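Undergrad:
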Amino acid sequence: MAVLERKKEMEIGIDRVLGGLTRQKEEKPELQKVIERSTFKLKHGKFVYAKVRKAPEHGRHFMISSDNSEITVVTLEENLRYLDMEERRGEDYSIIELNSTIPFYTVGLIATVSGAIAKFGISLLVISTYSKEYILVNERYSNAARNALTTIGLKEIK
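Now the structure itself:
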């Protein structure tokens, strides 16, 4: 009995330390319900995934990411001329914007999306922002990726 009481005290203590960020099991959304209420949209244009020597100005490019070893830019093909490019991936990409009803708390959402696309034999890159996820697939396979997403229950917004 003392062990169970101690475990409960530890759980309460952890919840206090995390400022109430822990969630009870019954509060977690069911994955399939979240998927059925979520949507996706194909962004227009051919996108390029590039490594650059210096960070470009914000506003023109879809995404700029940097860490201690490199700067990566995802941008429309026509914006390459504005980059001091070191290297680029050879293929052009399509970007699929995922609009999840509860993005931060859905365990398995990205795994389910990735698995569905992988079943079609398509590789992907994932970009996560504060409120959305983006899937980059080779442009040639964008229709197959869209089919994969509708197969699992996501609804496409045109």
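So our numbering is basically just the index in the sequence shown, starting at one, shifted up by 2.
By construction, the Cβ of each residue, glycine as well, lies at the ideal position given by its N, Cα and C atoms.
Because the structure is a prediction, the values reported are computed rather than measured.
1. According to the Cβ coordinates, are P58 and Y95 closer than 9 Å?
2. Could you tell me which of E38, K43, G155 and K35 sits nearest to S144, measuring between CA atoms?
3. Work out the CA separation of L151 and G123 for me, nearest whole Å.
4. Using a Cβ-Cβ cut-off of 8 Å (strictly less than) and excluding sequence neighbours within five positions of T153, which residues of its own chain qualify?
5. Please report the distance separating the alpha-carbon of I112 from that of I37.
6. Would DSSP call L85 helix, strand or coil?
7. Closest to F1 by CA distance: which of A146, E88, E79 and S116 is it?
8. In the structure shown, what three-state DSSP assignment does A146 receive?
9. CB-CB under 7 Å to N81, same chain, minus the five flanking residues each way: which ones, in chain order?
10. Considering just the uninterrupted stretch of the alpha helix (DSSP H) at G117, what are its terminal residues?
11. Beta-carbon within less than 8 Å of R110's beta-carbon, same chain only, minus the 5 sequence neighbours each way: which residues are those?
12. What residue from A52, I137 and V128 has the CA that sits closest to E89's CA?
13. When the distance is taken between beta carbons, is K134 closer than 9 Å to L100?
14. DSSP three-state call for G22: helix, strand or coil?
15. Nearest to L126 by alpha carbon, out of L138, S67 and Y132?
TA: Result, derived from the coordinates:
1. Reading the sequence shown from its first residue, position 56 is the one you call residue 58. Reading the sequence shown from its first residue, position 93 is the one you call residue 95. Against a cut-off of 9 Å, the Cβ pair of Y95 and P58 comes out as no contact.
2. For the purposes of this step, residue 144 is identified with residue 142 of the sequence shown, where counting begins at 1. Out of E38, K43, G155 and K35, K43 has the C-alpha closest to the C-alpha of S144.
3. Counted from its first residue, the sequence shown places residue 123 at position 121. Counted from its first residue, the sequence shown places residue 151 at position 149. If you take the alpha carbons of G123 and L151, they lie about 14 Å apart.
4. Within the sequence shown, numbered from 1, the residue matching residue 153 stands at position 151. The answer, listed in chain order, is A118.
5. Translated into the one-based positions of the sequence shown, residue 112 becomes position 110. Translated into the one-based positions of the sequence shown, residue 37 becomes position 35. Roughly 10 Å between the two C-alpha positions.
6. Sequence index remark: in the sequence shown, residue 85 carries index 83 (1-based). In this structure, L85 counts as coil in the three-state DSSP scheme.
7. The displayed coordinates of the chain run from 3 to 160. Any statement about residue 1 would go beyond what the structure contains.
8. The residue given as residue 146 occupies position 144 in the sequence shown. If DSSP states are grouped into helix, strand and coil, A146 belongs with the helices.
9. By 1-based counting over the sequence shown, the position of residue 81 is 79. Beyond the five residues adjoining it in sequence on each side, N81 comes within less than 7 Å, by CB distance, of R62 and H63 in the same chain, given in chain order.
10. Within the sequence shown, numbered from 1, the residue matching residue 117 stands at position 115. Under the DSSP assignment, G117 falls in the alpha helix (DSSP H) whose first and last residues are L111 to K121.
11. Position 108 of the sequence shown, counted from the start, is the residue given in the question as residue 110. Per the sequence presented here, residue 110 reads as Gly, with Arg not at that position. Within the same chain, G110 has close Cβ partners L33.
12. In the sequence shown, the residue the question calls residue 89 occupies position 87. Ranking the options by Cα distance to E89, first place goes to A52.
13. Here residue 100 refers to the residue found at position 98 when the sequence shown is read from its first residue. Here residue 134 refers to the residue found at position 132 when the sequence shown is read from its first residue. Cβ distance < 9 Å, so L100 and K134 count as in contact.
14. Along the sequence shown, read from residue 1 onward, the residue named residue 22 stands at position 20. With a pLDDT of only 49 at G22, under 50, the local geometry of the prediction cannot be trusted, and no value is derived from it.
15. In the sequence shown, residue 126 corresponds to position 124, counting from 1. The residue with the shortest Cα to Cα distance from L126 is L138.
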